[in-house]
Structure formats: C-alpha cells, structure tokens
Amino acid sequence: MLKKNDCITITVTDIAHNGSGIGKTKNGFVLFVPGMLIGEIAEVKILKVLKHCAYAKMLSMLQPSPSRQANSCPTAQQCGGCCFHHTTYENECEIKRQLVKNAFYPLGNPSIEILPVIGSEKSSSYRNKMLLPVGTNKNGNPVAGFYRARTHDIIPCNDCVITYPEFFAITDCILEHLTEFKIPPYCEEAHKGILRHIFIRRGEHTGEIMVGLVVNLSKNPETTLHAKELIEKLLFVNQNIVSIAININTKKTNVILGEQTVTVHGKKYLTDTMNGIRFGISLPSFYQVNTPQAERLYQKALDLLGDTYETVFDLYCGIGTITLNLSKKAKKVYGIESCEPAVEDAKMNQQLNGIENVDFICGTAEEEAPKLVRRGIIPDAVVLDPPRSGCEQSLLEMLCEIKPKKIVYISCNPATLARDMKYLIENGYTANEVQPFDLFPRTFHCECVVKLQLKSD
Ligand code: SAH
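The numbering of the sequence shown is the working numbering, which starts it at 48 and goes up by one.
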C-alpha cells in the first residue's frame with residue numbers, strides 16, 4: 048500500500064484536465080504529479096493518498112521529455128494560476144488538443160474531429176486583467192499575489208509573466224499606501240481588515256488602464272482609504288490610468304466583487320476596440336482576457352455562421368462584443384445577458400458605434416430567450432457563449448424545438464461543451480469538428496468554437 052511520504056519512480060502516460068501528469072504505480076494505482084509531461088520518468092514523493100488515486104510531487108527528473116523547457120515563470124512552482132510553464136508552447140497546444148479529445152470521446156461521437164489548437168500569438172504578457180488577493184505576511188506587511196494551488200495562501204508576486212509588467216508598479220504603489228496610512232489588508236478567517244483585492248484591467252488597443260480596489264467597508268470608503276492621496280500617487284506611477292474605482296464587498300464570501308462600485312477618479316469605463324468596434328467596459332463586466340486572440344475567435348464564429356440571417360440570438364452576450372459584430376450578419380440581433388452592468392455597457396457600446404439593429408435584454412438566457420419566442424420572435428441562427436457550467440438543459444430543449452438552422456457554440460469548458468453538444472446532436476443537429484482556440488496560454492484552460500447545423504429531414 049502506498050503511504051504519504053513514500054518515494055517512488057513513475058512514468059507519465061497522460062495529462063489530467065488540470066495539467067498534472069498522470070502515471071501509475073506497478074499495481075496500477077493512479078498518481079497525479081504537477082509539472083510532468085507525457086513520457087517523462089521521475090522520482091516522486093507521495094503527498095496525499097485517497098481511495099482511488101494519490102497526489103505526488105516531483106523530486107528528481109530521471110528522463111525529461113524533449114518538449115521540456117526551463118520554467119518560463121519564477122513563481123510557477125507555487126502559484127496555482129498556471130500549469131504549463133515547463134513545456135514549449137507548441138507542446139502545450141498539442142496537450143490542449145488531447146484534453147479536448149479526452150472531454151469528448153467518453154461521450155461517444157468519435158466522428159467529431161478535434162482540430163489542432165489555434166495558438167495565441169503571445170504566450171506571455173497577454174492577460175489584460177489581473178485580480179490579486181491582498182493579505183498580510185509573517186512580518187505584518189501587506190502583500191498581494193496569487194493563491195497557492197488549492198488553498199487561499201497568498202504567494203506574493205510582482206512578476207507574473209502572463210500579464211502586463213506595468214501592473215506591478217501599480218500594485219506596489221497600493222501596498223506602500225496601505226503601509227503609509229496603516230490601512231489593514233483583509234483577513235479572510237477573521238472577516239476583518241479592509242483591502243480584499245486589487246483589480247487592474249488594460250485596454251489592449253488603447254493602453255487605457257482601470258484600477259479597482261475591492262474593500263470590506265460600507266461607510267466612507269474614500270476617507271478610510273485616503274483615496275485622494277492614493278489617486279495622486281497612482282497617476283504619478285502610471286499616466287495611462289483613466290479610471291479608479293472602489294468596489295464594496297462586505298460579505299464573508301469567496302465571490303470577489305461586491306455589487307456596488309464607486310468611481311473615484313476619471314471615467315466609469317475603460318475603452319478598447321475589438322475588430323474595429325469600440326467598447327466601453329465597466330469594472331464588473333466580463334471582457335475576454337486575451338484581446339487579439341479573442342478577436343480571431345469572434346471572427347471565426349462569424350465565419351462559421353457564414354450566411355446572413357433574419358434574426359440572430361446572441362446568448363450570454365456580456366458587453367455585446369459578439370452581438371455588435373453580428374449586427375453586420377443579420378437584420379436583427381438580440382443579445383441576452385444576466386449581469387446588469389454588462390448590459391448597461393452593451394447598450395452604451397451600441398450607441399457608441401451607432402448600431403441600430405440590435406436589442407439587449409437583461410436576464411438569464413434560459414428565461415429571456417423563451418419569452419422572445421413566445422412573442423413570435425424566432426431566430427434562424429443562435430450564438431451561445433455560456434460560462435463554464437454550460438447551458439441550462441431547458442434552453443437546449445427550447446432550441447431543439449424552435450430549430451434555428453445554425454448554432455455557433457463558443458465554450459470555455461470542453462466538458463460542458465461535449466455534454467451540451469451530445470444533447471443537440473441527439474436532437475436534430477450535426478457537427479463535424481471542434482476548433483480549440485488557446486485564449487489562456489500557460490494555464491489549463493482552453494476555449495473551443497463549434498458549428499452545429501440543423502439536419503435536413
Ligand atoms: N460573449 C461575451 C461573454 C461571454 S462570458 C464575450 O465574449 O465577451 C459568459 C457571460 O454569460 C458572462 O457575461 C456572464 O455574466 C453571463 N451569464 C452567466 N450566466 C448566464 C445566464 N444564465 N444567462 C445569461 N447570461 C449569463
């Protein structure tokens with residue numbers, strides 16, 4: 048029997064969905080080892096044994112893969128954000144293709160081809176948004192960083208290679224301000240202290256920066272934070288900051304953002320462009336983190352739609368990034384989104400671009416799309432771009448009843464995409480291929496886009 052702290056030699060034969068290497072002991076017991084690649088042999092130490100598997104860490108590499116490279120990030124070993132800094136980007140894309148296949152094939156449908164991953168032009172300095180938890184180190188000083196994998200321990204970090212280097216001068220400035228004015232960082236266990244998270248987002252094409260401070264304070268946040276002095280310092284550190292906001296979150300929760308956001312400097316929105324369309328993005332709204340790659344993804348979605356249409360539904364539309372692109376493809380487009388600030392942004396973006404043939408509706412796709420259908424508004428094409436949990440079953444059922452001739456499904460989770468496609472294929476649609484798009488280099492996440500066509504009877 049395998050025990051904690053045992054040291055054994057294993058060969059990695061597969062990669063798990065979270066990027067860990069998978070190997071087996073001589074008795075066939077499954078081991079997960081982060082940072083190992085297929086074909087590699089290493090001595091590993093057992094950290095935790097469960098009923099059907101164990102977790103281990105690599106002690107010494109005995110036979111490295113030809114695709115191994117020196118870690119491209121200094122904090123990669125501890126930080127839970129990335130998992131592929133130890134391999135070439137080319138191999139990472141190969142692994143991701145295999146991970147998408149692994150999500151699809153257990154569900155049947157071997158006839159669906161998983162195409163090679165379309166890689167990102169940039170595999171470092173691509174992430175336009177950073178959300179850092181703030182805490183206190185052993186010496187009592189404020190720190191900001193990333194969570195250690197599977198914990199809420201903060202690994203201080205001011206050199207994350209996947210985001211923009213200029214973000215860290217901003218976080219350093221905020222941490223110094225906390226020290227100067229004795230503003231306590233938030234402590235999760237005690238639910239005490241003030242600054243919970245630092246939020247920074249940058250417009251890829253405009254260079255504009257928005258800074259947000261998530262605070263556990265309901266009264267007078269500006270006075271307690273000495274916001275006036277902080278604003279002055281931040282604007283000195285980075286002249287591209289166009290918006291500084293305080294987000295209030297006083298709940299004992301893992302949800303990062305609270306419902307109220309107060310702009311304390313500049314605009315309420317950051318602006319950026321995508322495929323030539325201008326967008327305003329407020330702090331709580333979703334905006335793809337890898338802008339150039341998302342532009343290619345949206346273009347691919349439009350190409351997959353092909354024809355022009357009478358009526359298109361863009362479900363889970365966010366700030367309208369896809370919806371406004373779709374306005375060229377249809378007489379009328381309906382964008383449905385549940386996050387209220389994102390819908391406000393979407394309506395503003397429609398005006399900003401002088402687009403008239405689009406309506407945005409605030410509510411869930413599963414409730415609002417059937418309401419449109421009951422009013423006799425039937426789409427001949429639908430774009431789906433749900434969160435990781437995928438689509439509600441009731442929405443898929445409705446789509447199979449109203450039968451739009453094409454559905455383009457963009458997904459950030461191959462497992463729920465495979466599940467939802469299985470239902471659509473069993474209920475009237477065909478699909479030949481899945482196109483993975485790497486929007487998140489160095490992490491295990493992989494976006495996919497698929498065209499589903501109504502079967503002709
Ligand atoms: N298509 C957009 C947003 C995709 S992210 C873009 O590319 O930018 C998924 C979006 O779905 C988020 O904006 C989230 O707020 C929204 N969302 C989550 N659950 C939803 C639901 N049940 N109905 C409608 N929108 C939902």
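Heads up, the beta-carbon is just placed ideally off N, CA and C, and yes, glycines get one too.
Query	Result
Span separating the alpha-carbon of V336 from that of G75	40 Å
Distance between G410 and G382 (C-alpha atoms, nearest Å)	10 Å
Buried versus exposed, by CB contacts within 10 Å (16 or more), Y456	buried
Burial state of A348 (16 or more Cβ within 10 Å)	buried
Nearest candidate by alpha-carbon position, reference V430, set I291, V359 and R489	V359
Classification of N296 by the beta-carbon crowding that lies within 10 angstroms, buried from 16 upward	buried
Runs of beta strand (DSSP E) lying entirely within the segment 356-412, each at least 3 residues, in chain order	356-362, 377-384 and 405-409
Selection from F407, G313 and D219 that minimises the alpha carbon distance to L330	G313
Close Cβ partners of R144 (< 7 Å) along its chain, the five nearest in sequence each way excluded	I161, P163, V164 and P483
Span of the alpha helix (DSSP H) around F326	Here F326 belongs to no alpha helix (DSSP H); instead the beta strand (DSSP E) covers I324 to S329.
One or two residues paired with P483 in a DSSP bridge	C495
Separation of C495 from K453, as counted between CA atoms	17 Å
Contact test: Y456 Cβ vs the ligand SAH heavy atom, cutoff 8 Å	no
Length at least 3, wholly inside the segment 239-302: the beta strand (DSSP E) runs in chain order	242-249, 256-262 and 288-295
Nonlocal neighbours in the same chain, by C-beta distance under 7 Å from N65, ignoring five residues either side	C130 and F491
C-beta contact flag for V208 and E255 at 9 Å	no
Alpha-carbon spacing of E444 relative to A393, whole angstroms	27 Å
Residue range of the unbroken beta strand (DSSP E) whose run includes L179	K176 to T183
Per-residue DSSP class, three states only, for R489	coil
Limits of the beta strand (DSSP E) - the one that Q307 falls within	Q307 to G313
CA nearest to the CA of K51, picked from I293, K104, Y173 and P232	K104
Unbroken alpha helix (DSSP H) run spanning E139, endpoints	Y136 to F151
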